[in-house]
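Trainee: The numbering of the sequence shown is our numbering, which starts it at 36 and goes up by one.
All C-beta atoms, glycine included, are put in the ideal place defined by N, C-alpha and C.
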Amino acid sequence: MKVANYFCIVAWVLVCQSTAFALETSAAVQASVILKADTSWDGKPIIYPEGKPEITGFIIEIAPGGETGWHSHPVSSFGLVLEGELEVQLKSGALKRLKAGEALAEVINTPHNGRNSGSVPVKLVVFYAGAVGQKLTVKERAE
Numbered sequence: 036m037k038v039a040n041y042f043c044i045v046a047w048v049l050v051c052q053s054t055a056f057a058l059e060t061s062a063a064v065q066a067s068v069i070l071k072a073d074t075s076w077d078g079k080p081i082i083y084p085e086g087k088p089e090i091t092g093f094i095i096e097i098a099p100g101g102e103t104g105w106h107s108h109p110v111s112s113f114g115l116v117l118e119g120e121l122e123v124q125l126k127s128g129a130l131k132r133l134k135a136g137e138a139l140a141e142v143i144n145t146p147h148n149g150r151n152s153g154s155v156p157v158k159l160v161v162f163y164a165g166a167v168g169q170k171l172t173v174k175e176r177a178e
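1) Counting only runs that start and end within the segment 63-120, where is the beta strand (DSSP E) found for 3 or more residues in a row?
2) Would you check if the distance between the CB atom of A140 and the CB atom of L70 is smaller than 8 angstroms?
3) Looking only at its own chain, which residues have a Cβ that is under 6 angstroms from the Cβ of F42, when we skip the five neighbours before and after it?
4) How would you call I97, buried or exposed, if buried means at least 16 neighbouring beta carbons within 10 angstroms?
5) Report the three-state DSSP secondary structure of K126 (helix, strand or coil).
6) Got a sec? Which residues, its chain only, sit under 6 angstroms from S152 by beta carbon, not counting five neighbours each side?
7) Can you find a CB in chain C that lies within less than 8 angstroms of the CB of V173?
8) Could you pull out every residue in the same chain whose Cβ sits closer than 7 angstroms to the Cβ of L115, ignoring the five residues on either side in sequence?
9) Quick check on the burial criterion: 16 or more other C-beta atoms within 10 angstroms. Buried or exposed for S67?
10) Among the residues of its own chain, which have a CB less than 8 angstroms from the CB of N16, if the five just before and after it don't count?
11) In the DSSP assignment, the beta strand (DSSP E) including A164 goes from what residue to what residue?
12) Around the Cβ of S154, are there at least 16 other Cβ atoms within 10 angstroms (buried) or fewer (exposed)?
13) Span of the beta strand (DSSP E) holding L139?
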């Protein structure tokens, strides 16, 4: 029994060690964590949909002063601001400000509005973790 336990521990260490080596950086390759989260920026848990998984990525550009309009996402999404400054506001008034190089786990099933708060266009890349045929964005009706 001790031999089996020892074998499992050694195997686990080797697997973890090989994973660590795969993430190491070198002079030719640099890797930096831009986002690691288990909740969206409002503190709610990240969820995964049922069904056949489908990842969808977008480059989104917002002109200075432009807004996305109030909308929500029924799926988890993750964004990285490439250029400019972005404000994301919830109806509760909570506000998240992002500038180039900053990332966030977007809110899920929560209405929000994105606004370019700077003087240059905002450019961001967003990845949605949805399911085949599932809507990624739901526009809010005007009140």
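Mentor: Reading it off the structure:
1) Listed in chain order, they are 88-97, 111-118.
2) yes
3) For F42, the predicted model reports a pLDDT of 42, less than 50, meaning its position is unreliable and no value from the coordinates is stated.
4) buried
5) Note: K126 maps to coil in three-state DSSP.
6) E120, E122
7) Looking for chain C here will not work: only one protein chain is present.
8) I69, A138, L159, V160, listed in sequence order.
9) Classification of S67: exposed, given that the 10 Å Cβ count is below 16.
10) Given that the chain is displayed from residue 36 to residue 178, the structure contains no residue 16 and the question cannot be resolved.
11) 157-166
12) exposed
13) 138-140
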